[in-house]
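Step one of this worksheet: look at the structure below.
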Amino acid sequence: MNREIYGESVRGASHIRNDVVCQDSRKVEIVGDIALIAVADGHGSASCPYSKTGSVIAANVFCRVMHEFAENFADHMEVLLTYLNREGELKVAQAIDAEWKRRVWKVHTENKREKPLNEDGEVDKQQVYKQYGTTLLGLMITPAFIFAFQLGDGDIIYVDSAGVQPVIEGDKILGTETHSLCKGDAWRNALTMIRMREITGSLPHLYFISTDGFANSYPSQEEFLKTCRDYFALIREHGFEVIPENLKNWLTETSALGCGDDITAVLAYFY
């Protein structure tokens with residue numbers, strides 16, 4: 010089985026007009042035959058002035074935590090599968106939540122940024138974390154299974170010749186608001202999913218991981234999923250090289266014609 014992975018992050022059309030930096034971050038890390046992919050979307054609001062930093066930290070933390078799992082269970086992947094299946098929404102989510110907050114506090118302290126006080130005159134760590142608010146999507150792809158992680162909005166989509174479907178159904182995600190790593194006990198709002206990968210199963214196939222700016226640029230979920238299928242069809246017709254050659258321009262155009270938000274997309278293609 011061959012593998013190609015590529016991603017881009019682009020400033021949204023509205024952010025370009027308002028001279029705001031892209032709040033999205035992404036990271037791809039290869040650990041042997043395991044691929045780790047993380048995509049994060051900083052909130053970018055006035056109350057979250059450092060959310061770009063928060064999204065960078067989030068993407069790095071997911072890959073760091075899952076890298077450690079991959080190394081610790083390198084010779085016992087069936088044990089890792091069982092552990093992630095049982096503890097994904099608890100232990101893994103808690104580890105990511107705690108490490109993100111630890112790194113945010115460290116960055117905030119090292120930069121000598123103001124630390125808000127609560128009504129008792131004590132440092133309000135929750136108000137510090139809020140300034141770095143971000144969502145997080147993560148995917149661990151092993152030869153035998155995938156582990157998907159979602160905290161907040163965004164999409165992880167699977168596409169093959171039979172069709173397209175979400176890897177995680179975000180039924181716990183709030184309507185106009187989104188869950189965030191900056192909130193207390195953020196791990197409680199994490200969604201995880203395990204899917205087995207049959208070695209002789211459908212090839213080729215594509216995992217499409219994107220921040221909400223992508224889906225929100227289409228008038229309906231059906232149009233968004235159709236676009237994921239179109240990307241898959243383009244790769245099959247022209248080869249994966251069409252993605253690094255065009256993805257940045259395509260995403261920029263999607264934002265300009267759509268919701269105007271930043272967009273990050275990472276495509277992992279297996280054939």
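For the sequence shown, the numbering used here gives the first residue as 10, with consecutive numbering after it.
Glycine included, C-beta positions come from ideal geometry on N, C-alpha and C.
* Residue closest to residue 109, alpha-carbon to alpha-carbon, out of 240, 271, 53, 160 -> By one-based count along the sequence shown, residue 109 stands at place 100. The residue with the shortest Cα to Cα distance from residue 109 is 160.
* **Limits of the unbroken alpha helix (DSSP H) element including residue 62** => Looking up residue 62 in the sequence shown gives position 53. It spans 60-81 - the alpha helix (DSSP H) in which residue 62 sits, taken as one unbroken run.
* To do: Ignore the nearest five residues each way along the sequence and tell me which others in residue 268's own chain have a CB closer than 7 Å to its CB.
  => Counting from one through the sequence shown, the residue named residue 268 turns up at place 259. Closer than 7 Å at the Cβ level, and outside the excluded window around residue 268, lie 222, 225, 226.
* Grab me the residues of residue 127's own chain with a C-beta within less than 6 Å of its C-beta, minus the 5 sequence neighbours each way, in chain order. => Translated into the one-based positions of the sequence shown, residue 127 becomes position 118. Counting only residues of its own chain and dropping the five nearest sequence neighbours on each side, residue 127 has a CB closer than 6 Å to the CB of 133.
* Using DSSP bridges, identify the partner residues of residue 38. => Here residue 38 refers to the residue found at position 29 of the sequence shown. The partner list for residue 38 (beta bridge, DSSP) reads 45.
* **Option nearest residue 104 by Cα separation, candidates 155, 115, 202, 73** => Indexing the sequence shown from 1 puts residue 104 at position 95. That would be 73, whose Cα lies nearest to the Cα of residue 104.
* Contact check, residue 66 vs residue 113, beta carbons under 8 Å -> Locating residue 66 in the sequence shown gives position 57, where the first residue counts as 1. Locating residue 113 in the sequence shown gives position 104, where the first residue counts as 1. Yes. Within cutoff.
* **Bounding residues of the alpha helix (DSSP H) (the contiguous stretch that carries residue 86)** => In the sequence shown, counting from the first residue as 1, residue 86 sits at position 77. Where residue 86 is concerned, the enclosing alpha helix (DSSP H) stretches over 86-96.
* To do: May I ask you to verify whether the segment 46-54 touches the segment 20-36, counting CB pairs closer than 8 Å and requiring at least 3?
  => yes
* Going by alpha carbons, who is nearest to residue 188 out of 162, 266, 231? -> What you label residue 188 is simply residue 179 of the sequence shown in a count that begins at 1. If we check each option's Cα against that of residue 188, 162 comes out closest.
* Asked: Under 8 Å, do residue 278 and residue 249 count as touching if we go by C-beta distance?
  -> Position 269 of the sequence shown, counted from the first residue, corresponds to residue 278. Position 240 of the sequence shown, counted from the first residue, corresponds to residue 249. Their beta carbons are under 8 Å apart, which means residue 278 touches residue 249 by this criterion.
* Asked: DSSP state of residue 157, grouped into three classes?
  -> Translated into the one-based positions of the sequence shown, residue 157 becomes position 148. Here residue 157 sits in strand by DSSP.
* Cross-strand partners of residue 135 (DSSP beta bridge) -> By 1-based counting over the sequence shown, the position of residue 135 is 126. Paired residue(s): none; residue 135 is not in a bridge.
* To do: Just the C-alpha distance for residue 102 and residue 196, rounded to the nearest angstrom, thanks.
  => Residue mapping note: residue 102 aligns to position 93 of the sequence shown, counting from 1. Residue mapping note: residue 196 aligns to position 187 of the sequence shown, counting from 1. Distance from the CA of residue 102 to the CA of residue 196, rounded to the nearest whole angstrom, comes to 5 Å.
* Asked: CB residue 19 to CB residue 272, shorter than 8 Å?
  -> The residue given as residue 19 occupies position 10 in the sequence shown. The residue given as residue 272 occupies position 263 in the sequence shown. In terms of Cβ geometry, residue 19 and residue 272 form a close pair [threshold 8 Å].
* Residue from 42, 70, 190, 91 whose Cα sits closest to the Cα of residue 202 -> In the sequence shown, counting from the first residue as 1, residue 202 sits at position 193. When only C-alpha atoms are compared, the closest one is 91.
* Assuming residue 200 and residue 106 make a contact with CB atoms under 8 Å, what is their CB distance in whole Å? -> Your numbering for residue 200 matches position 191 in the sequence shown. Your numbering for residue 106 matches position 97 in the sequence shown. Not confirmed; about 13 Å, so no contact.
* Asked: In terms of residues, what are the limits of the alpha helix (DSSP H) holding residue 99?
  -> The residue given as residue 99 occupies position 90 in the sequence shown. Note, residue 99: premise wrong, no alpha helix (DSSP H); not H, not E.
* From the DSSP output, in three-state form, read off residue 16 for me. => Counting from 1 along the sequence shown, the entry for residue 16 is found at position 7. In this structure, residue 16 counts as strand in the three-state DSSP scheme.
* **As assigned by DSSP and simplified to three states, the class of residue 145** => The residue you call residue 145 lines up with position 136 of the sequence shown. Three-state DSSP puts residue 145 in a strand.
* **Collapsed DSSP secondary structure at residue 278 in the structure displayed** => Walking along the sequence shown from the start, residue 278 turns up at place 269. Correct three-state label for residue 278: strand.
* Per DSSP, which one or two residues make a beta bridge with residue 173? -> For this step, residue 173 is matched to residue 164 along the sequence shown. Its beta-bridge partners are 168.
* **C-beta atoms of residue 256 and residue 242 nearer than 8 Å** => Here residue 256 refers to the residue found at position 247 when the sequence shown is read from its first residue. Here residue 242 refers to the residue found at position 233 when the sequence shown is read from its first residue. In this structure, residue 242 does not lie closer than 8 Å to residue 256 by Cβ.
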